[in-house]
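Just so it is clear: in the sequence shown, position 251 is 251 by full-length UniProt numbering, and no numbers are missing.
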Amino acid sequence: MKPLRLHLQNVGPFMEETIDFTQLKNNELFLISGKTGSGKSMLFDAIVFALYGKASTASRKEAALRSHFADGKSPMEVELVFQLKDKQFKVVRQGAFVKEGNKNPTNPNLSIYELEDGKYELRESKVTAGNNYIESLLGVDIEQFRQLFILPQGEFKKFLFSKSSDKQEILRTLFNTNRFEALQQKLVNQNKEEKKKIEARHQQIEQLWNKVEDFENESLQAHKTLPSIQTEKLLNAIPDFENIGRDIYKDLEKEKIQQEEIKQKAETSYRNAEDLNQKMNNQKALIEELKELEKHESEIEALEIKLKKIQEVRPLHQIVENIDVQTQKLNELNVKCEEVENNIHQNQSSLQKITEEQKILFERENEIEMQRKFINDTQYFYQNIKQYQSAYNSKNQVQKDYEQSKKDLAENEQLLSEIQAIHQNERPDYERLNHLTQQMFDLKQQIKDTKEIIEKDKEQKQRLEKIKVLELAMTDKTQKLDEVQEAISQFNTNQLELDNQEAMIKKLQSMLQPGDQCPICGNTINSLSDHLDFEQLKAQKEKLNYLNENKEAIRTAYSKLEAEYSVLKNESDKYNLKEYPDNNQRTLDELDEQFKKAEKDKQYQDDRNKEIEKTQTRVQEIKEAIQNLQLALTQKKAETERINRLIEAFENGTGFKKTDDFICDFIKKEEAVEAYKNKTESLKQQETDAKQKLAVEQTKLTSAQDQLKETKKEKKQLEQQSKIEMDNIGIQSTEEVQEILDLMPEKNQIETQIKSYKEKQNNLSHQIAELKAHIGNQEKPDLERLSEDLESQKNVLEEKSKRLNEHEFKLQLNDGNFKEIKEYIDVLEKELSEQQEIFDLAEILSGKNIQKLTLENYVLVYYLEMILEYANKRFMNMTNNRYILKRSEVVTQGYSGLEIVVFDSHSNKTRHISTLSGGESFQASLALALGLSEVVQQESGGITLESMFIDEGFGTLDQETLETALDTLLNIKSTGRMVGIISHVSELKQRIPTILEVKTDAYQSTTQFKF
């Protein structure tokens, strides 16, 4: 930006003034010269006011720019025409002021034009929009402009000597580094949100981890104590849970199989023992029966002897009888064989029936096995049925709670959206509040100043009245002093001085004679008579003393009056009417009105800010409520999922959707399995009994068939023998034999008894032999012990099956939990891997680094070091390579790092910047200002620095240093930049031929270029 023309109306001492900078042509370096108070600095104020509506220094208010001599109805107006690159713009700005007769100030005006095709086209006509337009056009705000274009009086050295925090604000404004702080804050906020999400993930993982079954294993219990944040350890621990769980399952399965074998052996042993016990009981009964039979053996032997006698006596009779016996025996044996065969047929039928029933049962074996498997598989659910009943009972309530939370969350989110939609762009306007506070402070200060002016005006009037009184009193004292002095001058002081010498005169008179030479005056003494009246002299002396005392009193009084007059006169002379405008009381009333309005506006803004803060607090509360509801929703969802998993596991495991139906079906199946078991055992026992009976009957049949065969053989032999005997005896017919047989009435009875005995004995012996063959050397079994052992093994098997099923269910639950944990950890690790760099970056950018620099300060340090690099090129030249500006490397807790120190090559040490002399400080400030402007122009492509104005500072330089500083400014001028300098140093007028002279006549000022 390079000014071309500046027109001022009612600005400071300039009532109507135009400065044409195009007159400079190639003389880009010029001096602004004039008396103190002529308005040199006001030219800088006018340029800044035209562009930004404010003065060149922050301490000077806009109202102070208006001329005190301006017409009460005329505005303060500045018109600035400037060139920006290849474009030309014109800015016309009027300041707010209170028109004569009005109470409220007029609104400020701003018009911005751009030169196009030889005509100025209006670009903006509103103040706010115009200010923004100019700021975007120049690329700098007012603070940056003051640092780059205008170096005002009193602020020239501000950047050099400012604290690190103040430099931060200056550089932040110049390089717009607020965006880095915003980026830093955005990262911090993003980190907070991500940490909340990650914490929620860890809570979900922790909940699942707490549900994992540890199988009462110490190593797994140790794993359970792992914190959820150690996800890698959790993942490493999962295989231990799975391996140990599988090992336990294998051990339990192996134990179950072993127990099934043990139970089968016990069952077989018990059945065999039952069979053996039955046989032993049968053998014992038969032996007892045989013993009881053999008790009649002697009787039978007697009958056999009797029969033998009959047979010896009558062999043929015996033979015949034997034939009859054998015939009868054959008949009986045939009947017996037929009976036994019938019995065998019946037993075979019974056995067939039992086999058929067993076959029918066998056909149901798969069904029963399925029922038995169902019982084994669902044993855990049946034993823990209350847990699943509770899940079914609480499902609807939990779902209802979940839906209610979901509804509450939606309502809060809706409420948040409504509030944000209504108050979307509302922010507490602390800047306006501060502005109003500052305005009130300024108004209060102006009221105070006005009151002081009124009081000073009153005091001045009182002083003037007092001065008049004092002047009259001093005149009176002067007249009286003159009168006393006149009276004193009438006295002969020489004679009066002899008053004190009366004794000495008397002594001299006594010592001298007429004609002697006077020892005092040297004259000849003519007479020694008393020619002086010492009494009269005393009286005159007293009167003179009175007059002298009166004179001193008048002088003292006069001195006091004079001193008071001098003080009042000096104070009165210092009182400048121009500094104290008229109508102070009216101004005071207007300021009071403005103060009340500002106070009212501030109260309104304060209330408005509180309302917005209340809304923001409400929004924050709603957000926290949303977060709490989201967490509650997650927990209720987890509870719902747990219940659903239980119900799903129950329904998948049992196939039932109602626990009561499952219980009824389980009991029904259990009863059916038990009935099947009892029926199977009963049929097996029946089969054993039937087989035993069949074996006995088959033995009987074999025995009867053998007897039948033997009887037939014996009968045949007897018939042959009978024939031989009959032939020998000579009996020709059986009738004859019968006749002989009739002679033996007792023979049949005897034979029957013997026969019955032998048959029964034979039968019992045969049965005992069979049972003995089956029993062998086996001892009598302990059925009660075997039954208890069998029942015990069944209980053990049932317990082991139960433990196996429970463990299998726990493994399934663990697998589900591990799957979810791995999914959560995968998501968490993905999020962490994505966010870790952002976490680290946020930590570094927030100042947690070795240099303790935030991102913004790091950037500012970069800019400062670049500024120092450019500044040192000139500063070293101006100081003959003695000084170098450096950034302090001391790390502080303030995260700033923008302190500037100076390195002195003479002492080879770094020292504080404040140790520089006034001239050296000016050189450093100038070099720093030039370096700053170059860096800003280089870094900000939209900023064009085509001019610079410097106010004062050259008076602190010696001749050599002044020459160096001027050479530096001439170098800047050679680059095409306009450089304007305000200074009272006379040497500059010799070195800078182009002068903008500001003249004043104590009323208004005018300007003129001199070349």
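Cβ coordinates follow ideal geometry from the N, Cα and C atoms, glycine included.
Given the structure is predicted, the values throughout are model-derived calculations rather than measurements.
Item                                                                                                                                                                       : Value
In whole angstroms, give me the CA-to-CA distance for residue 414 and residue 421.                                                                                         : 10 Å
Alpha carbons only, please: which of 7, 57 and 905 is nearest the one belonging to residue 94?                                                                             : 7
What does DSSP give as the partner residue(s) for residue 20 in the beta ladder?                                                                                           : 5
Keeping to the same chain, check which residues put their C-beta closer than 6 Å to that of residue 567; ignore five residues upstream and five downstream.                : none
Going by CA-CA distance only, name the one from 544, 932, 759 and 998 that's closest to residue 294.                                                                       : 759
Less than 8 Å between the CB atoms is what I'm expecting for residue 31 and residue 978, so what's the real figure, rounded?                                               : Actually they do not touch by this definition, with Cβ atoms about 13 Å apart.
How many angstroms separate the CA atom of residue 1013 from the CA atom of residue 620?                                                                                   : Shown here, the chain extends from 1 to 1011; a query on residue 1013 therefore has no answer.
Buried or exposed for residue 322, please, with buried defined as at least 16 other CB atoms from any protein chain shown within 10 angstroms of its CB.                   : buried
Quick check on residue 91: does DSSP put it in helix, strand or coil?                                                                                                      : strand
Less than 9 Å separating the beta-carbons of residue 796 and residue 263?                                                                                                  : yes
Can you find the residues in the same chain that come closer than 8 Å, C-beta to C-beta, to residue 595, ignoring five residues on each side of it along the sequence?     : 440, 443, 444 and 447
In this structure, how does DSSP classify residue 446 when only helix, strand and coil are distinguished?                                                                  : helix
How far does the alpha helix (DSSP H) with residue 128 in it extend, from its first residue to its last?                                                                   : 127 to 138
If you measure between the beta carbons of residue 2 and residue 599, is that distance less than 9 Å?                                                                      : no
Beta-carbon within less than 6 Å of residue 686's beta-carbon, same chain only, minus the 5 sequence neighbours each way: which residues are those?                        : 354
Identify every residue that forms a DSSP beta bridge with residue 995.                                                                                                     : 31 and 1010
For residue 1033, I'd like the list of residues in its chain whose CB is within less than 8 Å of its CB, leaving aside the five on either flank, ordered along the chain.  : Lying outside 1 to 1011, the shown extent of the chain, residue 1033 is not represented and no answer is given.
Using 8 Å as the threshold, is the segment 170 to 188 in touch with the segment 905 to 920, meaning 3 or more CB pairs across them?                                        : no
If residue 870 and residue 939 are in contact, beta carbons under 8 Å, what's the gap, nearest whole angstrom?                                                             : At roughly 11 Å, the Cβ-Cβ gap does not stay under 8 Å, so residue 870 and residue 939 are not in contact.
Report yes or no: do the segment 74 to 92 and the segment 129 to 142 share at least 3 C-beta pairs separated by less than 8 Å?                                             : yes
What residue range is occupied by the uninterrupted alpha helix (DSSP H) comprising residue 398?                                                                           : 385 to 422
Is the beta carbon of residue 248 sitting closer than 9 Å to the one on residue 673?                                                                                       : no
Per DSSP, residue 77 is paired with what?                                                                                                                                  : 9 and 94
What is the C-beta distance between residue 638 and residue 207, in whole angstroms, given that I count them as a contact (C-beta under 8 Å)?                              : 6 Å
Starting from the Cα of residue 642, find the closest Cα among 391, 105 and 5 and give me that residue.                                                                    : 391
Starting from residue 124 and walking both ways along the beta strand (DSSP E), at which residues does that stretch end?                                                   : 119 to 124
So, for residue 471: in the same chain, excluding its five sequence neighbours on each side, which residues have a beta-carbon less than 6 Å away from its beta-carbon?    : none
Taking a contact to mean a Cβ-Cβ separation below 9 Å, would you say residue 709 touches residue 326 in this structure?                                                    : no
Quick one, which of 842, 778 and 55 has its alpha-carbon nearest residue 275's?                                                                                            : 778
Determine, using beta carbons only, whether residue 76 and residue 60 come nearer to each other than 9 Å.                                                                  : no
Which of helix, strand or coil does DSSP assign to residue 312?                                                                                                            : Residue placement at residue 312 cannot be trusted, given a pLDDT of 49 that sits under 50; what the coordinates show is reported in the next sentence. In this structure, residue 312 counts as helix in the three-state DSSP scheme.
Tell me residue 854's beta-bridge partners as DSSP assigns them.                                                                                                           : 846
Distance, Cα to Cα, residue 555 vs residue 105?                                                                                                                            : 58 Å
In this structure, what does DSSP give as the bridge partners for residue 172?                                                                                             : According to DSSP, which records beta bridges pairwise, residue 172 is partnered with nothing at all.
With a threshold of 6 Å on Cβ separation, who are the neighbours of residue 656 within its own chain once the five nearest residues in sequence on each side are excluded? : 662
CB-CB under 8 Å to residue 580, same chain, minus the five flanking residues each way: which ones, in chain order?                                                         : Bear in mind that the predicted position of residue 580 carries a pLDDT of just 49, short of 50, making it too unreliable to give a figure here.
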